[in-house]
Amino acid sequence: MITDSVDGDAWLGEGKRVLLEAAEALTALAQRLDAPTWALSVSLVLNTTGRVVVTGMGKSGAVGHKLASTLSSLGTHALFLHPAEAVHGDLGMLAAGDTVIAISYSGETDELLAILPGISRLEIPIIAFTSNRHSTLAKASRTVVDVGVPKEACLFGAPTTSTTAMIAMGDALAITVMRARGFSEEDYAKLHPGGSLGRKLTLRIADVMRQGDAVAIVSTKASLIETVFAITKAHAGAAIIVDDAGVLAGLITDGDIRRHLLDDGDIRTRIAGDILNPNPGTVPPHLLAVEGLQMLDEFHPDPGSKAGEAPVIDNDGRPIGMLMLKDLVKAGITTY
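My numbering applies: residue 580 is where the sequence shown begins, and numbers increase by one.
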């Protein structure tokens, strides 16, 4: 708890200082980025026939883990190689056709320098992320990406602004390669089926619709009492009404039934065909679930509101399921 407003102001100022210094460093990096170096770096990654192997030690290693993960998620086969493990046998993970991205701010990290001869023997090109173009790492590399910053945000030099710069440069490389590769939103979704974007781009209405006993289906001749029981049994909010041929005739929601109860107070003599909505919004099973969600919005007469359900029908107009708004929400499907 802040007990002194002076301390609070100082803490806020320190936070802003670190963020502004990082922003200034990234702006300077962008201004220094030169076309030949960047073109070669992108081309090396883009034309790799094996894997892009990212390596680095300490904080640079943490940055390397992140870069390898980002590259992999954006369509580039990548992995992280720990340099200390590499000298004890993991160098065997490297093969002809690979490309190495080596991250070392000083360019003189002992564990990294120890594996350079092995990389050289395999004739694997190295892209160096370093602040020192004259370092041992830089001299052993095909191209050098400058990640130097004026100073660290930490007053005694702990890696802070420099790691921010290396992460940002890695992201810039990964995104540039992604764009050059033509990697699409759909490609991304295939690699992230569990993410919100993946669900939006891969999950179809057939995957989330209710089926079987979870759908209330009754005939036009069913009594409203039978219709209520069917809705209750299915734990649903509406019943699909079909004709004698099993073709969709309409929809009755539990709200429709309540409204008709207020009309005459006696539903014992009424049948489903008397009160159904003959033109409910329907959806086909092959559409994306997110498209189904948008259609529920269109089906509701009030702008900004969504229908709670819609029958899913086949090409012959026969119901095969029910799309429910609450099931879409539960599945993580949103329009924003």
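Glycine included, C-beta positions come from ideal geometry on N, C-alpha and C.
Member of R897, D876 and V891 whose CA lies at the smallest distance from the CA of K885 = To locate residue 885, count along the sequence shown from 1; it is residue 306. Of the candidates R897, D876 and V891, the one whose C-alpha sits nearest the C-alpha of K885 is D876.
When DSSP builds the beta bridges, which residues end up paired with M788?
-> In the sequence shown, counting from the first residue as 1, residue 788 sits at position 209. In the DSSP output, where bridge partners are listed per residue, M788 has none listed.
What are the boundary residues of the alpha helix (DSSP H) that I682 is part of?
-> Your numbering for residue 682 matches position 103 in the sequence shown. Element bounds for I682: not the alpha helix (DSSP H) but the beta strand (DSSP E), T678 to I682.
Please confirm if A641 has its CB atom under 8 Å from at least one CB of chain D.
-> Protein chain content of the structure displayed is limited to a single chain, and chain D is not contained in it.
Using three-state DSSP, classify Y915 as helix, strand or coil.
-> By one-based count along the sequence shown, residue 915 stands at place 336. Its pLDDT being 47, under 50, Y915 is placed unreliably by the model, and nothing is read from it.
Are at least three pairs of beta-carbons, each pair with one atom in the stretch 629-646 and one in the stretch 737-754, less than 8 Å apart?
-> By the Cβ test, the stretch 629-646 is in contact with the stretch 737-754, since at least three Cβ pairs between them sit closer than 8 Å.
Local Cβ density within 10 Å of L752, reported as buried at 16 or more and exposed below that = Counted from its first residue, the sequence shown places residue 752 at position 173. Result: buried.
Report the rounded CA-to-CA distance for V728 versus H667, giving the unit in angstroms.
-> For this step, residue 728 is matched to residue 149 along the sequence shown. For this step, residue 667 is matched to residue 88 along the sequence shown. Between V728 and H667, the C-alpha separation is close to 33 Å.
Would you check if the distance between the CB atom of D833 and the CB atom of A817 is smaller than 8 Å?
-> Residue numbering aside, residue 833 sits at position 254 when the sequence shown is read from its first letter. Residue numbering aside, residue 817 sits at position 238 when the sequence shown is read from its first letter. Result yes, Cβ atoms of D833 and A817 sit closer than 8 Å.
Own chain partners of L701 with C-beta closer than 8 Å, once the 5 adjacent residues on each side are dropped = Taking the first residue of the sequence shown as 1, we reach residue 701 at position 122. For L701, where only same-chain residues beyond five positions count, the Cβ hits under 8 Å are L673, A674, A675 and D677.
Distance, V724 Cα to T606 Cα = Start at 1 with the first residue of the sequence shown, and residue 606 comes out as number 27. Start at 1 with the first residue of the sequence shown, and residue 724 comes out as number 145. In a straight line, the C-alpha of T606 is about 15 Å away from that of V724.
Considering only the beta carbon of each residue, do I694 and I705 sit closer than 8 Å?
-> Position 115 of the sequence shown, counted from the first residue, corresponds to residue 694. Position 126 of the sequence shown, counted from the first residue, corresponds to residue 705. No; because the gap between Cβ atoms is not below 8 Å, this pair is not in contact.
How would you write the range of the beta strand (DSSP E) that D823 sits in, first residue to last?
-> Within the sequence shown, the letter at position 244 stands for residue 823. First-last for D823: undefined, no H or E at that position.
Kindly list the residues whose CB is nearer than 8 Å to the CB of Y915, restricted to its own chain and excluding five residues on each side of it in sequence; keep chain order.
-> Numbered from its first residue, the sequence shown carries residue 915 at position 336. Interpretation of Y915 is limited by its pLDDT of 47, a score under 50 that renders its predicted location unreliable; the figure taken from the coordinates is listed afterwards. For Y915, where only same-chain residues beyond five positions count, there are no Cβ hits under 8 Å.
Give every residue of the same chain whose Cβ lies closer than 7 Å to the Cβ of P890, excluding the five residues on either side of it in the sequence, and list them in chain order.
-> For the purposes of this step, residue 890 is identified with residue 311 of the sequence shown, where counting begins at 1. Taken in chain order, the residues that qualify are I819, L827, L830, P859, T861, P898 and M901.
Should A795 and A815 be called a contact, given that it needs their Cβ atoms to be closer than 8 Å?
-> If you number the sequence shown from 1, residue 795 lands on position 216. If you number the sequence shown from 1, residue 815 lands on position 236. Against a cut-off of 8 Å, the Cβ pair of A815 and A795 comes out as a contact.
Okay, do the stretch 651-662 and the stretch 619-630 touch, 3+ Cβ pairs below 8 Å being the bar?
-> Three or more beta-carbon pairs separated by less than 8 Å link the stretch 651-662 to the stretch 619-630, which places the two stretches in contact.
Should G749 and S714 be called a contact, given that it needs their Cβ atoms to be closer than 8 Å?
-> Mapped onto the sequence shown, residue 749 falls at position 170. Mapped onto the sequence shown, residue 714 falls at position 135. Against a cut-off of 8 Å, the Cβ pair of S714 and G749 comes out as no contact.
Straight-line Cα distance separating R596 from H661 | Position 82 of the sequence shown holds residue 661. Position 17 of the sequence shown holds residue 596. Distance between the alpha carbons of H661 and R596: 33 Å.
Quick one: using the 10 Å Cβ neighbour count with 16 as the cut-off for buried, is G643 buried or exposed?
-> Translated into positions along the sequence shown, residue 643 becomes position 64. So G643 ends up on the buried side.
Identity of the residues DSSP links to F659 by a beta bridge = Translated into positions along the sequence shown, residue 659 becomes position 80. BP columns for F659 point to V633.
List the DSSP bridge partners of E888.
-> Translated into the one-based positions of the sequence shown, residue 888 becomes position 309. In the DSSP assignment, E888 forms a beta bridge with M903.
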